[in-house]
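Some notes on the structure that comes next.
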Amino acid sequence: MIKSIKGMNDILPDDVHKWHSVEDKARYIFELYGFSEIRTPLLEQTELFARTIGEDTDIVGKEMYTFVDKNDTSVTLRPEATASVLRAVIEHSLLNQDSIQKLYSMGPMFRYERPQKGRYRQFHQINVERLGEAGPLCDAETIAMAYDLVDAIGLKNITLEVNSLGCQKCRPVFRKQLKEFLQEKRDMLCKDCSRRIETNPLRVFDCKETACQEAIKDAPRIEDHLCGACRRHFNDLLQTLDALGIPFHKAPRLVRGLDYYVRTTFEIKAEGLGTQNAVAGGGRYDGLVKALGGPDAPGVGFAFGMERAIMLMKEARPVNKGCFVVIQGGREIYRSAMVLISDMRSSGLQAQAVFEKSMKSQMKRADKLGYLVCAIIGETEVAKDMVTIRDMRTSSQVQVKRALAINKIKEMLA
Ligand code: ATP
Ligand code: MG
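Residue numbers for the sequence shown follow the working numbering, beginning at 8 and rising by one.
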């Protein structure tokens, strides 16, 4: 038997209503905020990710699905969406048409990670990218939108963590201090972090090793080193979140997985997920559009992990708001019933039947599929041009004129 690839899951019909629910809510909320959807290919040139995400990140260092195609080009299955969306924005000059772009997208991402609860090799994200506005109000509104989504899905015990990573001006000063601090602790750090002291010391904050977390307990805090402009940006953001009634915690060690963030970073965590408890994360990435060859447009965005959210959803399967047609008789009766089923669908009523089974097994199937209403068509019904309609909840039946049957069923389902 051929099985699926490790860490890549099928989404089965019994679960898919939860996926639809999350996708519908995201679309609804994002459009309320004035965002439009953008769809980009799953495969991009490897260089796009190497350049934007950063060579010393887990994603680029270990997790990318990279291979050489038949044309000897190195291509990579996208591990995240921001790079692809910005590539598309630049390629199609969208910022020349409108200097403010509010975009969302959803779909699968690929990372070669160790599969475990809440961590897969193909997983799904909903992504938001907002380009052209640099201020803290824009950050606050973007965080509010992520919060609205998490809230609409009904996730309980949510915490929002926010931090500022400073900018090109103040971060180098902090980086130097942190480097000196980490050099003292080198013996306690894992191999990766020991290397990061030189290459990217801030990333030590994001390490999942307990020993590394212990080592940085008393590390200097970036918040104490922000320049005036970054401090004002951060304070303004926090005040605006307060004004919008969004509860948050300051998280001085929140740096996030990608290299390109400046100033605002945030993460939303939900209870009940164990170690993999982050459902959404994002931040500001001014300078990234320019680094990719586009105009100097600031940006902020987030990515929301669908699997983790769906694991927590207790959404009941929606009731079956349609009609099951039970048919008994010869070919003529079946054909007459199939015409009625076709009319039902044309009028927007979901309808189905199962062919050439006993009346009893047809009824059983209607029950199993959760139909509230059945239409029964047999020889008597066809002869009288009537339809028998059965309310599955009460087992009561009525006969109505065939021409009135669809409206009657719709009334019963309303
Ligand atoms: P983590 O620290 O959990 O590895 P990350 O910083 O790598 O997360 P991001 O790149 O910020 O994650 O992605 C945003 C969200 O996507 C995460 O908060 C999470 O919900 C989800 N996510 C990331 N990687 C995976 C994965 N391998 N499997 C399932 N969901 C994931
Ligand atoms: Mg990760």
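Where is the CB? At the ideal position from N, CA and C, for every residue including glycine.
Taking the alpha-carbon positions, what's the R126 to K77 distance? 31 Å
For T255, which three-state DSSP category applies? Looking at the sequence shown, residue 255 is not Thr but Phe. Coil, per DSSP.
Pop quiz: E140 and P305 are said to be a contact at Cβ under 8 Å. What is the actual Cβ separation, rounded to whole angstroms? 7 Å
If you drop the 5 nearest sequence neighbours on each side, which residues of the same chain put their C-beta closer than 7 Å to that of G385? Q335, G336 and I340
Could you compute how far the alpha carbon of Q104 sits from the alpha carbon of R324? 43 Å
Is the beta carbon of A153 less than 8 Å from the beta carbon of L244? no
In terms of alpha-carbon separation, which member of K198, G68, A236 and V296 lies closest to L138? V296
Measuring only from the beta carbon, is V286 closer than 7 Å to any heavy atom that is part of the ligand ATP? yes
For L280, the three-state DSSP class (helix, strand or coil): coil
Please classify P208 as buried or exposed, where buried requires at least 16 neighbouring CB atoms within 10 angstroms. buried
Going by DSSP in three states, V135 sits in which element: helix, strand or coil? strand
Counting Cβ pairs, one atom from each stretch, are 3 or more of them under 8 Å apart for the segment 59-74 and the segment 198-217? yes
Return helix, strand or coil for R270, following the three-state DSSP convention. strand
Are the beta-carbon atoms belonging to V262 and L189 less than 8 Å from one another? no
Take L347 as the anchor and find which of A310, I416 and T282 has the nearest alpha-carbon. I416
Pick from L39, T166 and Y119: whose alpha carbon is nearest that of I463? Because the chain spans 8 through 421 in this model, residue 463 falls outside it and cannot be assessed.
According to DSSP, is Y111 part of a helix, a strand, or is it coil? strand
Under the assumption that E44 contacts S91 (Cβ atoms under 8 Å), give the Cβ distance between them as a whole number of angstroms. 14 Å between Cβ atoms; not a contact.
Please report the distance separating the alpha-carbon of G300 from that of S112. 22 Å
Can you list the alpha helix (DSSP H) stretches of 4 or more residues lying completely in the segment 219-251, in chain order? 235-250
Beta strand (DSSP E) containing F311: first to last residue? G306 to G312
Using the three-state DSSP reduction, which class does L19 fall into: helix, strand or coil? coil
Output the residue ranges of the beta strand (DSSP E) runs that lie fully inside the segment 39-120 and measure 3 residues or longer, sorted by chain position. 50-52, 72-75, 81-84 and 108-117
Inter-residue CB distance, F311 and Q132 (contact presumed, cutoff 8 Å): 6 Å
So the alpha helix (DSSP H) D155 belongs to, where does it begin and stop? P143 to I160
Run the proximity test for R239: is its beta-carbon closer than 7 Å to any non-hydrogen atom belonging to the ligand ATP? no
Proximity test, R126 beta-carbon vs the ligand ATP heavy atom, cut-off 7 Å: yes
I'd like the list of long-range same chain contacts for D155, defined as Cβ closer than 7 Å, with 5 residues on each side in sequence excluded. I36
Status (buried if at least 16 other CB within 10 Å, exposed otherwise) for I396: buried
Inter-residue Cα distance where the pair is A159 and M419: 29 Å
Whose C-alpha, out of P86, R409 and V75, is nearest the C-alpha of D350? R409
Can you check whether the CB of N164 is closer than 8 Å to the CB of A285? no
Could you tell me which residues DSSP puts in a beta bridge with D293? D293 is not bridged to any residue.
Check the C-beta distance from V307 over to I383 and give it rounded, since I have them as a contact under 8 Å. So it is not a contact: roughly 58 Å between Cβ atoms.
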